[in-house]
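Novice:
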Amino acid sequence: MVYVHNLTKRYGNLTAVENLSFQLERGDVLGFLGPNGAGKTTTMRIITGYMPPTKGTVHIEGIDIFDEPLQAKRVIGYLPENPPLYNDMTVMEYLSFVADIKKVGRKEKKSRI
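Convert by adding 317 to the 1-based position in the sequence shown; the result is the number in my numbering.
What follows is the structure, given as structure tokens:
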């Protein structure tokens, strides 16, 4: 379950996201539509823990994404438009790195990468 409550993100005087609230149950699908600058990417970055909100909370499976980020990130997957690859890593090294963070077992990691 994903629970977003009163999510707001401000950059100085610019409000990118204002008081966004919603709840998703297992199996639900949600899409964000809007023009450039509408706050779609900002919202996803906050929900996945890559960017802190100005105010509001995000819980993934009951876990606060900012209080327990590693635990929350183990139960979600997020592929941004421009993935945050490290320039000194190969794709295989990066996938292995992410699998290690998510504590994927060695056998499963080998079969999935």
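Glycine included, each C-beta is placed from N, C-alpha and C at the ideal position.
Taking the straight line between their C-alpha atoms, what separation do you get for residue 335 and residue 398?
Specialist: 23 Å
Novice: From the DSSP secondary-structure annotation, give me the bridge partner or partners of residue 340.
Specialist: 320
Novice: Flag this pair as yes or no: are the beta carbons of residue 341 and residue 375 separated by less than 9 Å?
Specialist: no
Novice: From the DSSP output, which residues share a beta bridge with residue 380?
Specialist: Its beta-bridge partners are 377.
Novice: Please report the distance separating the alpha-carbon of residue 347 from that of residue 322.
Specialist: 16 Å
Novice: Is the CB-CB distance between residue 394 and residue 382 below 9 Å?
Specialist: no
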